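Numbering (mature numbering (1 follows the signal peptide of the UniProt record, and there is no 0)), first residue to last: -22 to -1, 1 to 210.
Where a beta carbon is used, it is the ideal one built from N, C-alpha and C, also for glycine.
Since we're looking at a predicted model, the values are computed, not measured.
Quick notes on the structure that follows.
What follows is the structure in structure tokens.
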């Protein structure tokens, strides 16, 4: 068992041992038209935030080979993270965060250093801007790193919430995946009208990919996601 797996188990145990008032479960299925032989992917995230603002999360990921949905499943890595919510005034939150994302084959870990500012514009409308520095470390391969910006805004409605996520990623020295820059436009919505407390959600995203295998992501493809979440 590698070190990241041990940390993941420790964090999961800590989450399970705490009061469940700030715990959430998020289960999501993804169909990515740019995913090659593994267009279908799934992940489950369990997160907990304490009253003092400190939060922990663990995430398990897997993928299905085309033609073998639910029968030809393999690991797609796992991630463990922590964050802290620092309130500034009544409507602004500053959130530093860190996550360690292990690759599917266990040969590399990407360290994600995040800083997010969250503004509650009105009772129903919020917006956030996140900066991420990603540092991929592969002891037996090539290291790489990147800078990423995400702007997210959402609006609460009587039946749920709708929103949009704009992402831009720029590689630094060493190369990351197969492109010097990358971008994403993602639209999402959720429904909170069920008495059980389960909240279904859906996302539609436009992503870039290297269709011609020439080392540059210049072609746009679609990414679809559906899932459910529950807040204790």
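Residue from the options with nearest C-alpha to residue i
| i | options | result |
| --- | --- | --- |
| residue 87 | 50, 167, 4, 121 | 121 |
| residue 98 | 92, 9, 112, 134 | 134 |
| residue 100 | 124, 113, 70 | 70 |
| residue 183 | 208, 176, 143, 147 | 143 |
| residue 163 | 131, 174, 176 | 131 |
| residue 81 | 169, 117, 102 | 117 |
| residue 123 | 147, 102, 7, 107 | 147 |
| residue 3 | 16, 166, 26, 17 | 26 |
| residue 36 | 108, 16, 17, 57 | 57 |
| residue 92 | 17, 169, 109 | 109 |
| residue 145 | 176, 186, 18, 1 | 186 |
| residue 54 | 129, 17, 159, 169 | 17 |
| residue 161 | 24, 129, 95, 73 | 129 |
| residue 96 | 159, 105, -1 | 105 |
Proximity below 9 angstroms, CB of residue i to CB of residue j
| i | j | result |
| --- | --- | --- |
| residue 141 | residue 171 | no |
| residue 13 | residue 34 | no |
| residue 41 | residue 51 | yes |
| residue 136 | residue 178 | no |
| residue 78 | residue 62 | no |
| residue 218 | residue 20 | The structure shown has nothing for residue 218, since the chain only spans -22 to 210. |
| residue 48 | residue 22 | no |
| residue 208 | residue 181 | no |
| residue 107 | residue 127 | yes |
| residue 85 | residue 112 | no |
| residue 1 | residue 210 | yes |
Burial state of residue i, where buried means 16 or more other Cβ atoms lie within 10 Å
| i | result |
| --- | --- |
| residue 115 | exposed |
| residue 154 | Below a pLDDT of 50, predicted positions are generally treated as unreliable, and residue 154, at 45, falls in that range; no measurement from the model is reported. |
| residue 8 | buried |
| residue 103 | exposed |
| residue 197 | exposed |
| residue 10 | buried |
| residue 83 | exposed |
| residue 29 | exposed |
| residue 173 | exposed |
First through last residue of the beta strand (DSSP E) which encompasses residue i
| i | result |
| --- | --- |
| residue 179 | 177 to 187 |
| residue 168 | 159 to 169 |
| residue 135 | Looking at the DSSP string, residue 135 is not in any beta strand (DSSP E), and its letter there is neither H nor E. |
| residue 205 | 197 to 209 |
| residue 95 | 87 to 98 |
| residue 70 | 70 to 80 |
| residue 113 | 103 to 115 |
| residue 5 | 1 to 10 |
| residue 61 | 51 to 62 |
CB contact check: residue i to chain C, cutoff 9 angstroms
| i | result |
| --- | --- |
| residue 164 | Reference to chain C is not applicable here, since this structure consists of a single protein chain. |
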